[in-house]
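Each remark here refers to the structure printed beneath this line.
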Amino acid sequence: IVRQLGNPIVTTSLDISERTFASDPMDFMEFYEDRVDLIIHAGPSYHDPSTIIDFTTDQPRLLRAGQGDISWITS
55 IVRQLGNPIV TTSLDISERT FASDPMDFME FYEDRVDLII HAGPSYHDPS
105 TIIDFTTDQP RLLRAGQGDI SWITS
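Pasting the structure below:
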């Protein structure tokens, strides 16, 4: 995706209201579909920190370990 875009991807978690944390991508689509270029539906998110991986070079680099299996990048 990054190579096709020609620039890095920036992402963040979004609160859809002051009291509700959206953990289902379908909730994001309802509120932000007309405001963002792309929504990747990868399943529900979690309240724990996410894993951040730098894909700007040929070798992916782990920036922060969090949710998800990272064995493929640390081996």
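Quick note: the sequence shown uses this note's numbering, first residue 55, plus one each step.
Glycine included, C-beta positions come from ideal geometry on N, C-alpha and C.
Here the structure is a predicted model, which is why all the values come from computation and not from measurement.
Cutoff 7 Å; reference residue i; Cβ partners in own chain excluding five residues on either side
| i | result |
| --- | --- |
| Asp88 | none |
| Ile63 | Ile55 and Val56 |
| Phe109 | Val56 |
Cutoff 8 Å; reference residue i; Cβ partners in own chain excluding five residues on either side
| i | result |
| --- | --- |
| Ala119 | Thr105 |
| Met80 | His95 |
Beta-carbon proximity check, residue i vs residue j, cutoff 7 Å
| i | j | result |
| --- | --- | --- |
| Pro114 | Ile107 | yes |
| Phe82 | Ile94 | no |
| Ile127 | Leu116 | yes |
Proximal residues to residue i (C-beta, below 6 Å), its chain only, five neighbours per side dropped
| i | result |
| --- | --- |
| Thr103 | In the sequence as displayed, the identity of residue 103 is Pro instead of Thr. Around Pro103: Gly120. |
| Gly122 | Thr105 |
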